[in-house]
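> In the working numbering, the protein residues as written are 45 to 208.
Sharing a structure with you now.
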């Protein structure tokens with residue numbers, strides 16, 4: 045599921061190259077168009093920061109069959125204030141530099157301001173997001189059990205596996 049036809053095309057092509065056949069639909073993950081207890085597994089990667097997390101977790105729980113698994117991965121807000129301080133400093137320097145590197149030619153000069161706004165959005169989306177522990181609590185409140193959590197890079201990347 046994605047709202048973008050282009051992202052669906054890219055995903056289908058990647059799946060095809062790996063020998064998978066997938067069916068994709070353009071829908072909103074906040075309101076999944078599937079019957080209850082329909083899937084044995086669902087993944088959500090690198091999108092959660094842009095969603096209404098509680099509502100999405102409830103929808104995923106609804107369409108998972110009993111015993112089904114939900115696997116989640118995203119950049120998260122570090123819970124350690126020292127890590128958070130250095131991570132934010134790193135992001136505030138590296139994200140704009142990386143963005144500008146892609147838009148450094150005269151052809152793209154008009155896009156520089158937009159690129160910087162986009163990098164600021166990216167940084168703020170992480171800063172107002174949840175920590176791995178907070179996401180774990182949301183999963184528990186939704187009804188998930190047997191939750192496994194793994195954090196990498198000082199708690200800036202979170203992985204969750206939860207069972208209905």
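Quick reminder that beta carbons are idealized off the backbone N, C-alpha and C, glycines included.
From a predicted model like this one, the values you see are computed outputs, not experimental measurements.
1) How should residue 75 be labelled, buried or exposed, when 16 other C-beta atoms within 10 angstroms of its C-beta is the threshold for buried?
2) Out of 195, 54, 135, 58, which one is the CA nearest neighbour of residue 168?
3) From this set, 131, 133, 160, 130, which residue's C-alpha is nearest residue 143's C-alpha?
4) Indicate whether residue 107 and residue 80 have their beta-carbon atoms separated by less than 8 Å.
5) Have a look at 178, 208, 197 and flag the residue whose alpha-carbon is nearest the alpha-carbon of residue 98.
6) Residue 133 to residue 115, Cα distance in whole Å?
7) Using 8 Å for Cβ pairs, my map puts residue 173 next to residue 120. What's the rounded Cβ distance?
8) Under 6 Å Cβ to Cβ from residue 59, same chain only, skipping five residues before and after it: list those, please.
9) With H, G and I counted as helix, E and B as strand and the rest as coil, what does DSSP make of residue 205?
10) Starting from the C-beta of residue 206, find all residues in its chain whose C-beta is less than 6 Å away, skip the five residues before and the five after it, and write them out in chain order.
11) What span of residues does the alpha helix (DSSP H) with residue 54 cover, start to end?
Result, derived from the coordinates:
1) Per the 10 Å Cβ criterion, exposed.
2) 135
3) 160
4) In this structure, residue 80 lies closer than 8 Å to residue 107 by Cβ.
5) The closest CA to that of residue 98, considering only 178, 208, 197, is found on 178.
6) In a straight line, the C-alpha of residue 133 is about 30 Å away from that of residue 115.
7) 6 Å
8) 66
9) strand
10) 114, 183, 188, 191
11) 49 to 61
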